[in-house]
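Take 18 as the starting number for the sequence shown in the numbering used here and just add one per residue. Below is one structure, written out as structure tokens; the observations come after it.
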Amino acid sequence: MNAQPGASRHLSVHVDRPAGAVYAYASDPAHLPAWAHGLGTTIRRVAGRWVADSSPMGRVEVAFTPRNELGVLDHDVTLPSGETVFNPVRVIPDGAGSEVVFTLRRRPGMSEAEFRRDAGMVAADLARLKERVESAAAAGSAAPSRPGGGGGGPSGR
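As structure tokens, this is what we get:
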């Protein structure tokens, strides 16, 4: 564990869609490339594991918490170095909409500049998630249907 002061930061976005709709979209690993660009442009299931070969960090494995009724979207990202980064994410009901909260943790050895860069990338990812889910609702579909993406970051998201 990293015990640095300010070692975590909560980033969030309000989404004008019910929590269940946001969770249904965001909990599908196949949708990650459309909004979580730090994991790359593709993700596939290999021998029971989710693998992103196109990550800017190289090949990463992503392990997700089982689907649940609580809005928990936690996932572990195993980097090419073997280090595993835990990423806590929640979808919380907020009136007729929802709030998505990502807790970004500063990893040991990560500079302040890297941490700020990563926070900016997480904020951009959350904005893309909001746009994807809200635009699908405006178009009359339950959830966006086609993933796509790019980008990257040192947090292992």
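Here a beta-carbon is modelled for each residue, glycine too, at the ideal position from N, C-alpha and C.
Counting only runs of 3+ residues, the beta strand (DSSP E) found wholly inside the region 86 to 129 occupies 92 to 95, 101 to 104, 106 to 111, 114 to 122, in chain order.
Taking 9 Å as the cut-off, the Cβ atoms of Gly57 and Ala69 count as close. Going by DSSP, Ala24 is part of no beta strand (DSSP E) at all; its letter is neither H nor E.
With contacts defined as CB atoms closer than 9 Å, Ser44 and Arg107 fail to qualify as a contacting pair.
Cβ neighbours of Phe103 within its own chain (closer than 6 Å, five residues either side excluded): Asp93.
Residue state for Ala80 is assigned as strand, using DSSP reduced to three classes. By the Cβ-count criterion, Leu87 is exposed, with fewer than 16 other Cβ atoms from all chains shown falling within 10 Å of its own Cβ. Exclusion of the five residues before and after Glu116 leaves Ser29, His31, Ile109 as the residues of its chain whose Cβ lies within less than 6 Å of its Cβ. The Cβ neighbour count for Val63, taken over all protein chains shown within 10 Å, is under 16; the residue is labelled exposed. Boundaries for Ala36: no beta strand (DSSP E) harbours it, while the alpha helix (DSSP H) harbouring it runs 36 to 43, taken from the DSSP string. Residue range 49 to 52 is occupied by the alpha helix (DSSP H) that includes Ala51. Residue state for Ala69 is assigned as strand, using DSSP reduced to three classes. Beta-bridge pairing by DSSP links Val30 to Val117.
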